[in-house]
Amino acid sequence: MRSILIMAMFTVSLANAAWNEYEEERDLNLGADGISTLEIEAGAGSLEIVGVSGSDEIVVSATIYVPEEDEEKARKEIESHLVLSLEKDGNNAVLKSYFNESFVSFGDSPHVQLEVLVPERLGLNIDDGSGSIVVENVSGNIEIEDGSGSILMTNVGGDVEIDDGSGSISVEGVRGDLFIGDGSGSIKVREVAGSVTVDDGSGSINVSDVEKDLIIEEEGSGSLNFSNIGGRVEKEG
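Heads up, the sequence shown is in numbering that gives the first Met the number 0, so the first residue is 0 and it goes up one at a time.
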């Protein structure tokens, strides 16, 4: 009986947590003519980017979450503290999505979930605070600087550079070179047409099906496994 009561209280607690969160959706669009790279500056929240063949525009779907049950207060907080914009700057498109530093929240933090559709040809330059990142079907060069959260990339072209604080990294299908600098978290790499370079603090490293070289600049703690490497394998650290 006691265990049933505890479970019921836990369920109610989860329900209240969901009820106490305000949610709002916004859409942003920008024509991509003359644009070669999408720059993204994001705070907390998940980020998903998918390349679309033949597309000529950037489409952003943003879901905003604020830990506030009062709708009017939540809207005022969003209007006062949220930076959310998509603009052209020369040959680049710039997407900004974050709550400014003046926002004070006790308990859960506000965050924005981003779903972004881009022309497949674009390059990406991402500066992300926290939350998962997914990138699919993008053929340009990609640079990611990430504080924390998992990173999943599939079917990407050009060169890829990832500088990650913590969180698992999984990359499959790169048509250029791949560099990964990682603080902590597992790393899994498959099917790279160029060379792979890894600088890792801690966590397992698994690399397979690389056409050129595999270079381990630093291997902190954790296992290292590799197979089917077309070039040389070099461990520097």
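Here a beta-carbon is modelled for each residue, glycine too, at the ideal position from N, C-alpha and C.
In this structure, Val197 sits near Ile215, with a CB-CB distance shorter than 8 Å. Residue state for Arg189 is assigned as strand, using DSSP reduced to three classes. Look at Glu78 here: in three-state DSSP terms it is helix. Counting every other CB atom within 10 Å of its CB across the protein chains shown gives Glu76 a total of 16 or more, marking it as buried. The secondary-structure analysis by DSSP pairs Arg25 across a beta bridge with Ala61. Assignment of beta strand (DSSP E) within the region 155 to 180, counting only whole runs of 3 or more residues, yields 159 to 165 and 168 to 173 in chain order. The criterion of a C-beta distance shorter than 8 Å is not satisfied by Ile141 and Ile168.
Tyr64 and Ala92 have their C-alpha atoms roughly 25 Å apart. Ala92 is bridged by DSSP to Leu37 and Lys87.
Beyond the five residues adjoining it in sequence on each side, Asn19 comes within less than 6 Å, by CB distance, of Glu68 in the same chain, given in chain order.
Boundaries of the beta strand (DSSP E) around Ser129: Gly122 to Ser129.
Val51 is positioned such that its CB atom lies no closer than 8 Å to that of Leu85. The distance from the Cβ of Asn90 to that of Ile34 is about 6 Å, consistent with a contact at the 8 Å cut-off.
Secondary structure of Glu235 (DSSP, three-state): coil.
Contact between Thr62 and Glu24 holds: CB atoms are separated by about 5 Å, below the 8 Å threshold. Secondary structure of Glu114 (DSSP, three-state): strand. In the structure shown, the three-state DSSP call for Ala31 is coil.
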